[in-house]
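**Student:** Quick one: the structure is below, questions incoming.
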Amino acid sequence: MRPPARIALVASAAALLAVAIPGSRPAGAQGPISEERRAPVPPESDPARPSRPALADLAPLAIEERVPRQWLHNEPDRYPLRPARWRRRVPRECRTQGGYRDHCSGELRMPTPSGPAAALAEHLDLGGRMAARWLMHKRPFDEWLAAVEHLDPGPRLTFPVPGGRRGRGFGRNRRGSIAHRRHNGVDIGAPEGHPIVAAREGLVAYAGNELTGYGNVVILLHHEGYSTMYAHCVDLEVFAGQYVGRGQTIAHVGSTGFAWAPHLHFEWRQRGWVRDPGRHFLPDPHPLLPPLQSRGEDPTR
Numbered sequence: 081m082r083p084p085a086r087i088a089l090v091a092s093a094a095a096l097l098a099v100a101i102p103g104s105r106p107a108g109a110q111g112p113i114s115e116e117r118r119a120p121v122p123p124e125s126d127p128a129r130p131s132r133p134a135l136a137d138l139a140p141l142a143i144e145e146r147v148p149r150q151w152l153h154n155e156p157d158r159y160p161l162r163p164a165r166w167r168r169r170v171p172r173e174c175r176t177q178g179g180y181r182d183h184c185s186g187e188l189r190m191p192t193p194s195g196p197a198a199a200l201a202e203h204l205d206l207g208g209r210m211a212a213r214w215l216m217h218k219r220p221f222d223e224w225l226a227a228v229e230h231l232d233p234g235p236r237l238t239f240p241v242p243g244g245r246r247g248r249g250f251g252r253n254r255r256g257s258i259a260h261r262r263h264n265g266v267d268i269g270a271p272e273g274h275p276i277v278a279a280r281e282g283l284v285a286y287a288g289n290e291l292t293g294y295g296n297v298v299i300l301l302h303h304e305g306y307s308t309m310y311a312h313c314v315d316l317e318v319f320a321g322q323y324v325g326r327g328q329t330i331a332h333v334g335s336t337g338f339a340w341a342p343h344l345h346f347e348w349r350q351r352g353w354v355r356d357p358g359r360h361f362l363p364d365p366h367p368l369l370p371p372l373q374s375r376g377e378d379p380t381r
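Residues 81 to 381 in the numbering used here are what the sequence shown spells out, letter by letter.
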C-alpha cells in the first residue's frame, strides 16, 4: 500500500532539511550525531572575525623596561595573616618569624613550553611573575592587547567548573572576626582533579606557581583588556603563549597554595580592576556535584 501523498511530501521535506542543516540527521536515524558534524567553526576560519595576528605583526615587549623598579626582584610576596589564630593553621613551611606567610605553592605540574606558543610568550614577555602581577594591578600593555583583539568579545562567562558548587562570593563577605577583608573573586568547590575550563576565549598570559598563596595558577588575557585567574589548581594543562577556546580544559581543581579544601578561586578583572563575576556567568548545564566534606574556602583572600 502506497503512503498518502501528503505524508510522502512531509518525509521528503524532512530529508532535505537534514541535508541542509549542519548537525541534523534524517527522521528515524538512530545514534548520536558525529562529533565531526557537531564541531563549531573555529574562530580562525570565521570570515566575520579578524584573523589571528602573525608573530611578525606583533611588536616585541621587554617588560622589565616598563614595570616599577621595586617589581624587579624574585622574592615572594608577603601578606599579613589576621587574626593570629589563622597563622597557627598554616603549614610550617609557609611561616616566617614575623607572623607572615611566605611563598608556599605546592608542586608545579604543567606541560613544557614549546613550539610557536613558547615563541609568542617570549616575544611578548609573557609567562613571568611580573606579567602576572601587571595583569592583576594594571591595564594590559598595548602589545598584549594587539595579540587578543581578534578573540570573541562576548561579555558572558562560561562557568569555569562544570557542576561545581559556589562557595564564598565576591566582596567584603567574610564571617566572624575577619569579615572586614575583601574577597577578590569567587570560590567554587569540586573534587580534586575535576576539570577547570576557560571562561572565555583567551591567551595564556601566565601559568605557574610564583604568586603567594594562589598555588598553581593560570591567568588568561581576553578581548578588551579583561583577564581571568584560576587558582589552587592541582595541575595545569596549558602554558604561556597558547590560545584557548571557551570551555576548553586548562587545569584541574586542587588545593595548592593556601587553601583548606579542593576548590577553584576564580577572579575576573577589567584592566587590572577586580569585578564581580557572579552576575555574568552563563547558566551551567551540568548536574550539580555532591557537596564536599569540608568547605572549599581560602580564608586569606
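Heads up, the beta-carbon is just placed ideally off N, CA and C, and yes, glycines get one too. Note that the structure is a prediction, hence the values are computed from the model and not measured.
#1: What's the C-alpha gap between LEU188 and ASP315?
#2: Do you know offhand how far THR308's Cα is from ALA279's?
#3: Does ASP356 pass the burial test, meaning 16 or more other C-beta atoms within 10 Å, or should it be called exposed?
#4: Mind checking which residues open and close the alpha helix (DSSP H) that includes MET216?
#5: Per DSSP, which one or two residues make a beta bridge with PHE346?
#6: To which residues of the same chain is ARG213 closer than 6 Å at the C-beta, ignoring the five residues directly before and after it?
#7: Got a sec? Which residues, its chain only, sit under 8 Å from PRO235 by beta carbon, not counting five neighbours each side?
#8: For GLN350, which residues of its own chain have a beta-carbon under 7 Å away from its beta-carbon, when the five flanking residues on both sides are left out?
#9: On the CB-based measure, 16 or more other CB atoms within 10 Å of its CB, does TRP340 come out buried or exposed?
#10: With which residues is LEU237 paired in a DSSP beta bridge?
#11: Does the ligand HEM have a heavy atom nearer than 7 Å to the CB of ASP267?
#12: For GLU223 versus LEU283, is the C-beta spacing smaller than 8 Å?
#13: Could you tell me which of ALA270, GLY321, GLY208 sits nearest to ALA201, measuring between CA atoms?
#14: Would you mind sorting THR192 into buried or exposed? The rule is 16 or more other CB atoms within 10 Å of its CB.
#15: Are the CB atoms of ILE299 and LEU215 nearer to each other than 8 Å?
#16: Please list the terminal residues of the continuous beta strand (DSSP E) segment that includes GLY288.
#17: Can you tell me where the beta strand (DSSP E) holding VAL298 begins and where it ends?
#18: Can you tell me where the alpha helix (DSSP H) with HIS274 in it begins and where it stops?
#19: Would you list the one or two residues that DSSP bridges to GLN316?
**Tutor:** In brief:
#1: 7 Å
#2: 8 Å
#3: exposed
#4: 209-217
#5: VAL266, TYR310
#6: Excluding positions up to five away in sequence, the list is empty.
#7: The residues are HIS360.
#8: The beta carbon of GLN350 sits closer than 7 Å to the beta carbons of GLY305, TYR306 from its chain, once the five residues preceding and following it are set aside; these are given in chain order.
#9: exposed
#10: Note: LEU237 sits in a beta bridge opposite PHE361.
#11: As far as ligands go, the structure on display features none, and thus does not contain the ligand HEM.
#12: no
#13: For the options ALA270, GLY321, GLY208, the alpha carbon positioned closest to that of ALA201 is the one of GLY321.
#14: exposed
#15: yes
#16: 282-288
#17: VAL298 -> beta strand (DSSP E) spans 296-301.
#18: It is not in any alpha helix (DSSP H) - HIS274 carries neither H nor E in the DSSP assignment.
#19: Note that residue 316 corresponds to Leu in the displayed sequence, not to Gln. Paired residues: ALA331.
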